[in-house]
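Undergrad: Below is one structure. I have some questions about it.
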Amino acid sequence: VSGYLAFSLNGTEVRLCVDPSRPLLDVLRDDLGLTGTKRGCDYEGECGACTVLIDGRPVRSCLTPVGKVAGRRVLTVEGLADGECLHPLQQAFLETGAVQCGFCTPGMLLTAKALLDRNPDPTRDEMLEALSGNLCRCTGYESIVRAISLAAARIRGDAVDVADSVSPESSIGGGTMRSDALAKVTGRARFVEDVVLEGMLHVGVIRSPHHHARLLQLDVTAAARVAGIVRIITSRDLPGDNGLGGYSRDEPLLAPCDGTVRMRGAPVALVVGETLEAVRTAAPLVRAEYEVLPHTFDAEEAVREDAYPIGAGGNLLGSERVQWGDITASLATSERVFHTTYRTACMEHTALERESVLSYLDDDGRVTIVAGNHEPHWAQDYAAATLALDPADVRVIVPPTGGSFGGKQDPWPLIAAGVVTYLTRHPARLIYTRNESFDASPKRHPYRVDFEIGVSREGLFTGNRARVIANTGAYDAQGFYIPSYALVGSGGAYRWQAVDMLAQSVYTNNPKCGQFRGFGTPQSTFALECTLDEIAETLDVDPLELRLRNALREGKRSALGYPVAESFDYCRVLEAARPAYRRLQEEAEAFNARRGERDVLMRGRHRMGVGLAGMWYRFGKSGALRVEAHAELASDGHFRVFCSAPDYGQGTNTVMSQLAAEALGVSRDLVELINADTALTPDSGIQGASRSTYWVGNAVCGACRNLLLRVIATAAEMLDCSPEVLCIVEQRVVCRTDASLSVSLESIARELTAMGHPLRVQGIFDASPLFPGGERPEYVPFFVSGAHVAQVIVDLRTGEARVRRVVAIHDVGRAINPVDARGQIEGGVVMGLGAALTEEYIPGITRGLSDYYPPTAYDLPEIEVILVEAPSRHGPHGAKGLGEACMVPSTPAIINGVCRAIGARLREIPATPERVLAAIDARWEGEQAV
Amino acid sequence: MLQQWRGAARVIAGGTDVLPDIRRHKWQPECLVDITGIPELGDVRFSAEWIEVGAAVTFADLLACDGLEREAAALVPAARSVGAPGIQHQATWMGNIVQSMPAADGAIVALALEAEVCIVDAVGTRWQPVETVFTGPGVCTIDPTSQLITHIRFPRARPGVGTAWRRVARRATLVLPIVNCAVKVVLNPDEGDVAAAVIAMGPVAPRPFRARSAEAALRGGPPTQEMIEAAAWLAQEEADPRSNPLRASRTYRLSVIPVLVEEALTLALDRARDSLVVTCRRADTAEGG
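If you're matching them up, the sequences are chains A and B in order. Residues 4 to 933 (the numbering used here) are what the first sequence spells out, left to right. Residues 370 to 658 (the numbering used here) are what the second sequence spells out, left to right.
Quick look at the structure:
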């Protein structure tokens, strides 16, 4: 029943005819076009992205029936700035790097505004409490807290020190403001869900309700008759391959009749309608008949010979073994051999923006797919194969993306949306519900890791026998390659006498597991670094000294059998950790000695522990050793840079334009970056494995240097002087020795065109000469190292653990943008904290955000970041890869801290209160038995 | 208005559960009656004996209310435990009680405070102990299509009374509790014996639960550590929690119940004793002046 409703919206009176029980969120976004307010969950109030202010109070607009705002004042992010003049909070968010993907930003800004309006000088704890209902997956909250402090100080009129913040114009190594952050703090950034196209159709996905079944029959006739339904697409309608190309072997796009569905959420059909309501009405009418098959979520069970087959060729997907030295002798002659078994949980990325795709036919008739993705050119090929089209007839564009962490590498939603547009010739939009995202998007592989590690009398590591079983879930999703990455973690950055490491990826009926920050390395690193802590504790050796004594040195043979082919200084990283480690240990000792004294709440049973963990991480991966970028002098005299380094929040847009501006010797506003559009940009390889800055950055620098040479050479001819004395000043090429000699970039562009020279040049980064024929290992041996120290408090009676402080030390080679590098690390620390303490996807049970617990601001420890800069040999300006490495040591450092606090070992994560208490009880029972 | 609609209209306050409930087809009202605009329902009033909280008062209002911590120390952390701040600004204490979930922080603390609710319907207006409205998981005796709770009241602080709150959860905020616990103890001002105790817990039964035998065990004796521990173990015996793979097993829940009860009781007893000391001091000062 609709009625008239009047309220004040961002200072303007509005009057609407609307059903008062509709969510305010929908009315703001769909009726009023204010898309700055974001939708992150299924209207359950679980994420906070939709926060708006009603009469100055922060509320969830997804839970607010719009009728409740009658006569009230509503403020959304669009109303925060005063015209073009930003609110101090918006300004501060820009300056402190508090905006990464930007999807949580509007909700964060409004929550922060409400806080500062009632408390102009909040403490850190008050800020964390206020933010604790707004999830952020990128920043780790720390930069948001910095932003609020800065804005609060400015509003109060206090003198502020902004030494640590960014500026719009700053070169390599300085803090540079993100090029896309302004749009994100004002609500103007257009994510996929914010775009509505004329005649756009909506897509719903019919998914298997069974974990394992054979699809017998599919009857869509009743559903197709629903008013507003345009088409229902099944596997029979696909013009080309029913698959996901090279991304996932034998995973169909839509399950064929007589084929199996191997997980709940496996897609069976697409329902396409004019409205979402029509789609929702029709979806339950699609009749799918299944024969239910036995299922298992347990990889150890699925890998047994007599297990029920899930994969077409059995349940073993991929396998990798590294063997060198005499492992048997090495272990047999060791002073001690440690046997450990560790287990990790399945995890969901929970990017705040769900999987969202828009597709349409562009002006050239190409099937155009707009979606967050890691490799638009691969997605283009996959979609073309399914549509039986030439890849040139498919275009993939990466828009502003609300986080990925690897999850959006799955090309399924892109291909599916492409199919809809191709078959209907209409624009279409496919957006997963949060529930679908939990059911069907790729997860992190749960591991079981078994070690036998030998140690000599001198405390030197001898043999490493490791067995890893990675649960790859229902489909490949590149789980085939996981074993190789598992071995990176199980070997670690240490010297061994002999190694025998075997890793296998195994099909189960879990959701498919795919890429997730660190791709297969964090789980086995956790197992190794915790095992090393057990060794140190048992031998009563300092954990830092144990690692230093055994640390891999540059040029020496690594666990993987070959040396690192980049600068590598793990010892320096560990040494940099030493002061913080000692300080945090002393604090903990003091705390534990004092407990009982301050027994106000009878909480004397709290104990503090400090954990250390190190890591190495292989960045850059195999595959394209040669990547490409382009640079162009536009006819109006500005520069265009073309590359394909999708930015889903990690900041590649900014880094690429920084590198380009630096290479060209111009300011950043002269550089226009065109990124990740297959119709416009060259293929710069996959954006995974933390390789964007190193690989694509190098290609961008190369293209810009080549272009600069051409521009300067042309100017030299035009000015009749030597190119050595020329440089670019603003939009002119000027002679350094005679300022009267100059020519505009625009004239140079005209001259180049007149002479028939192309305005666009290539830049290539090719690593293959670094590994001449025969010497090239199977995977590029570029590694970074890092170490984290975590101080944890545990309630010994309930098992609740809380991380107080983390010090994160990382060799980044050279920080191109230190503010962003720090932001990546803080985000990585908190994501690692989630893996350590709270995050666990239980197959068959976890269905959405209310069942899955990423850390909130309340869980945030104080994080100190120490950047170690051991410049790389080949990276641009000495940079190395960082994005994934920074979460790897966080989890084991925290778990080692918990173990040191409770005096018992946890060998399964997350360390829920229940698991921690069980470990404490087991120790206590053990002591009783003795 | 509710009568006019004859069952098709439903009262809402904060409304945080209304949209999810409609989405899950729990019910489909034709009319929602928002009571948060009624000025009298938005106040927290302190009378001589009672503190009276209007049905439109949100948890954030409670947290912002001066003097509440002194009156009922358990209420403040309980209010802070509901959802997260963005939800506390919308959700009302009354709504939390009417939703009647076995783990509801607001319902558990209301039980411990021995709160009463004022029910208004076609029959009239009456006060009723909050305990009498809970019937089952998500079900209470209040019919929101014909009845309304207008106020919640609980007794003001007096010498010898102390309350406390404890909660364990998978994460510090934005999550349901594994176990929560609110207690109230009343000390006899003269002997310092326990005159009465209330121990409320969730989710350990189909509805917000009181550990009656644990309460009884405390009554009448001096509050020794042995008494507290005995009560804590009795509370564990009475509780019948379920396993939930997303939060914790029955075993874990059972093992932390005595911990929470013991800690909450000890804290509440400290507060109760403090209140007696403060009162004595005040009396001294009054005499001296």
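Beta carbons are placed, not taken as given, at the ideal position from N, Cα and C, and that holds for glycine. Treat the numbers as computed from the prediction; the structure is a model and nothing was measured.
Taking A617(B) as the query, report the chain A residues whose CB atoms sit under 8 Å from its CB, ordered along the chain.
TA: Sequence index remark: in the second sequence, residue 617(B) carries index 248 (1-based). Under the 8 Å cutoff, chain A gives T915, P916, E917.
Undergrad: Just the C-alpha distance for E421(B) and I466(B), rounded to the nearest angstrom, thanks.
TA: Position 52 of the second sequence, counted from the first residue, corresponds to residue 421(B). Position 97 of the second sequence, counted from the first residue, corresponds to residue 466(B). Cα to Cα, E421(B) sits roughly 15 Å from I466(B).
Undergrad: Find out if the Cβ-Cβ distance for the pair G190(A), E81(A) is shorter than 8 Å.
TA: Here the question's residue 190(A) lines up with position 187 in the first sequence. Here the question's residue 81(A) lines up with position 78 in the first sequence. Yes, these two residues count as a Cβ contact at 8 Å.
Undergrad: Here's the rule I'm using: 16 or more other beta-carbon atoms within 10 Å means buried, otherwise exposed. How should E399(B) be labelled?
TA: Here the question's residue 399(B) lines up with position 30 in the second sequence. By the neighbour-count rule (16 or more Cβ atoms within 10 Å), E399(B) is not buried but exposed.
Undergrad: Whole angstroms are fine: how far does the CA of G816(A) sit from the CA of E461(A)?
TA: Position 458 of the first sequence holds residue 461(A). Position 813 of the first sequence holds residue 816(A). If I take the Cα positions, the gap works out to 33 Å.
Undergrad: Between the alpha carbons of F415(B) and R525(B), how many angstroms are there, rounded?
TA: Within the second sequence, residue 415(B) is the residue found at index 46, counting from 1. Within the second sequence, residue 525(B) is the residue found at index 156, counting from 1. F415(B) and R525(B): Cα-Cα distance of roughly 8 Å.
Undergrad: Given a threshold of 16 other Cβ atoms within 10 Å of its Cβ, counted over all protein chains shown, does A593(A) qualify as buried or as exposed?
TA: Position 590 of the first sequence, counting from 1, holds the residue named residue 593(A). The residue in question, A593(A), is exposed, as its Cβ has fewer than 16 Cβ neighbours within 10 Å.
Undergrad: Rounded to the nearest angstrom, what separates G824(A) and Q518(A) at their Cα positions?
TA: In the first sequence, residue 824(A) corresponds to position 821, counting from 1. In the first sequence, residue 518(A) corresponds to position 515, counting from 1. Note that residue 824(A) is Ala in the sequence shown, not Gly. Distance between the alpha carbons of A824(A) and Q518(A): 21 Å.
Undergrad: Which ranges would you report for the alpha helix (DSSP H) in the region 522-564 of chain A if only whole runs of at least 4 residues count?
TA: You should have 524-542, 546-553.
Undergrad: Is it right to say V199(A) is buried, meaning 16 or more other beta carbons lie within 10 angstroms of its own, or is it exposed?
TA: Along the first sequence, read from residue 1 onward, the residue named residue 199(A) stands at position 196. V199(A) should be labelled exposed.
Undergrad: From the DSSP output, in three-state form, read off L604(A) for me.
TA: Counting from one through the first sequence, the residue named residue 604(A) turns up at place 601. Low confidence applies to L604(A): its pLDDT is 45, below 50, so where it sits in the model is not reliable, and the reading given next is rough at best. The answer is coil: DSSP assigns L604(A) none of H, G, I, E or B.
Undergrad: Which residues in the same chain as A569(B) place their Cβ atom closer than 6 Å to its Cβ, once the five residues preceding and following it in sequence are excluded?
TA: As a working note, residue 569(B) is residue 200 in the second sequence. Around A569(B): I477, L480, A481, A551, R579.
Undergrad: Should R60(A) be labelled buried (16 or more other beta-carbon atoms within 10 Å of its own) or exposed?
TA: On the first sequence, position 57 is the one that residue 60(A) refers to. With 16 or more Cβ atoms within 10 Å of its Cβ, R60(A) is classed as buried.
Undergrad: Please work out which residues of its chain come closer than 6 Å, Cβ to Cβ, to L870(A), disregarding the five sequence neighbours upstream and downstream, and give them in chain order.
TA: Indexing the first sequence from 1 puts residue 870(A) at position 867. Taken in chain order, the residues that qualify are V815, A818.
Undergrad: For L744(A) and A706(A), I'd like the C-alpha separation in whole angstroms.
TA: Indexing the first sequence from 1 puts residue 744(A) at position 741. Indexing the first sequence from 1 puts residue 706(A) at position 703. Distance between the alpha carbons of L744(A) and A706(A) is about 26 Å.
Undergrad: With respect to the beta strand (DSSP E) encompassing H791(A), which residues constitute its N-terminal and C-terminal limits?
TA: What you label residue 791(A) is simply residue 788 of the first sequence in a count that begins at 1. Residues 786-798.
Undergrad: Which residues in the same chain as D572(A) place their Cβ atom closer than 8 Å to its Cβ, once the five residues preceding and following it in sequence are excluded?
TA: As a first step, residue 572(A) is located in the first sequence; it is residue number 569 there, counting from the start. Closer than 8 Å at Cβ, skipping near neighbours: E557, S788, D814, V871, A873.
Undergrad: Can you grab the Cα-Cα spacing for the pair L431(B) / E540(A), in whole Å?
TA: Taking the second sequence and counting its residues from 1, one reaches residue 431(B) at position 62. Taking the first sequence and counting its residues from 1, one reaches residue 540(A) at position 537. When rounded, the distance between both Cα atoms is 49 Å.
Undergrad: Considering Cα atoms alone, identify which of D58(A), D741(A), L710(A), C44(A) is closest to C724(A).
TA: The count along the first sequence starts at 1 and reaches residue 724(A) at position 721. Selected option, being the one with the closest Cα: D741(A).
Undergrad: Span of the alpha helix (DSSP H) holding S359(A)?
TA: Position 356 of the first sequence holds residue 359(A). Careful: S359(A) lies outside any alpha helix (DSSP H), inside the beta strand (DSSP E) at 359-364.
Undergrad: Take every Cβ of the region 399-416 of chain A, pair it with every Cβ of the region 675-691 of chain A, and state whether three or more of those distances are shorter than 8 Å.
TA: Verdict: yes, contact present.
Undergrad: For chain B, check one thing: does any of its Cβ atoms lie closer than 8 Å to the Cβ of M605(A)?
TA: As a working mapping, residue 605(A) is identified with position 602 in the first sequence. Confidence at M605(A) is low in this model, with a pLDDT of 45, below 50, so its placement is unreliable and no value can be given for it.
Undergrad: Counting pairs of beta carbons, one from the region 493-506 of chain A and one from the region 612-619 of chain A, are three or more of them closer than 8 Å?
TA: Because the criterion of three Cβ pairs below 8 Å is met, the region 493-506 of chain A and the region 612-619 of chain A touch.
Undergrad: Below 8 Å between beta carbons: does that hold for G421(A) and S362(A)?
TA: By 1-based counting over the first sequence, the position of residue 421(A) is 418. By 1-based counting over the first sequence, the position of residue 362(A) is 359. Yes, these two residues count as a Cβ contact at 8 Å.
Undergrad: Under DSSP, the beta strand (DSSP E) around N474(A) begins and ends at which residues?
TA: As a first step, residue 474(A) is located in the first sequence; it is residue number 471 there, counting from the start. Element bounds for N474(A): 464-476.
Undergrad: Check G423(B) in the structure and name its three-state DSSP category.
TA: Locating residue 423(B) in the second sequence gives position 54, where the first residue counts as 1. Strand at G423(B).
Undergrad: Using 8 Å as the threshold, is the region 367-377 of chain A in touch with the region 62-82 of chain A, meaning 3 or more CB pairs across them?
TA: Touching, no.
Undergrad: Could you tell me which chain A residues have their CB closer than 9 Å to the CB of S612(B), listed as they occur along the chain?
TA: The residue labelled residue 612(B) in the question sits at position 243 within the second sequence. Correct list: empty, because the minimum Cβ distance to chain A is about 10 Å.
Undergrad: With A583(B) and V630(B) assumed to form a contact (beta carbons below 8 Å), what rounded beta-carbon distance in angstroms separates them?
TA: Residue 583(B) sits at position 214 when you count from the first residue of the second sequence. Residue 630(B) sits at position 261 when you count from the first residue of the second sequence. Contact flag correct, Cβ pair sits at about 7 Å.
Undergrad: Could you please tell me which residues of the region 16-27 of chain A, in chain order, have their CB closer than 8 Å to any CB of chain B?
TA: Those would be P23, S24, P26, in chain order.
Undergrad: Based on the DSSP secondary-structure assignment, which residues constitute the bridge partners of E569(A)?
TA: Along the first sequence, one-based indexing puts residue 569(A) at 566. For E569(A), which the question treats as bridged, DSSP gives no partner whatsoever.
Undergrad: Compare the C-beta of E399(B) with all C-beta atoms of chain A and state if any pair is closer than 8 Å.
TA: Translated into the one-based positions of the second sequence, residue 399(B) becomes position 30. Answer yes: the Cβ-Cβ gap between E399(B) and chain A drops below 8 Å somewhere.
Undergrad: Along the region 856-869 of chain A, where does the CB come closer than 9 Å to a CB of chain B? Name the residues.
TA: Of all residues in the region 856-869 of chain A, Y856, P857, P858, T859, A860, Y861, D862 have a Cβ within less than 9 Å of some Cβ in chain B.
Undergrad: What first and last residue would you give for the beta strand (DSSP E) that runs through N678(A)?
TA: As a working note, residue 678(A) is residue 675 in the first sequence. That run of the beta strand (DSSP E) goes 674-678.
Undergrad: Would you kindly work out how many angstroms separate the C-alpha atoms of L604(A) and I905(A), rounded to a whole number?
TA: Position 601 of the first sequence, counted from the first residue, corresponds to residue 604(A). Position 902 of the first sequence, counted from the first residue, corresponds to residue 905(A). The predicted position of L604(A) is uncertain, since its pLDDT is 45 and thus under 50; a value taken from the coordinates is nonetheless stated next. Approximately 20 Å, taken between the alpha carbons.
Undergrad: Just to confirm, are G900(A) and G614(A) a CB contact at a threshold of 8 Å?
TA: Looking up residue 900(A) in the first sequence gives position 897. Looking up residue 614(A) in the first sequence gives position 611. A contact, by the Cβ cut-off of 8 Å.
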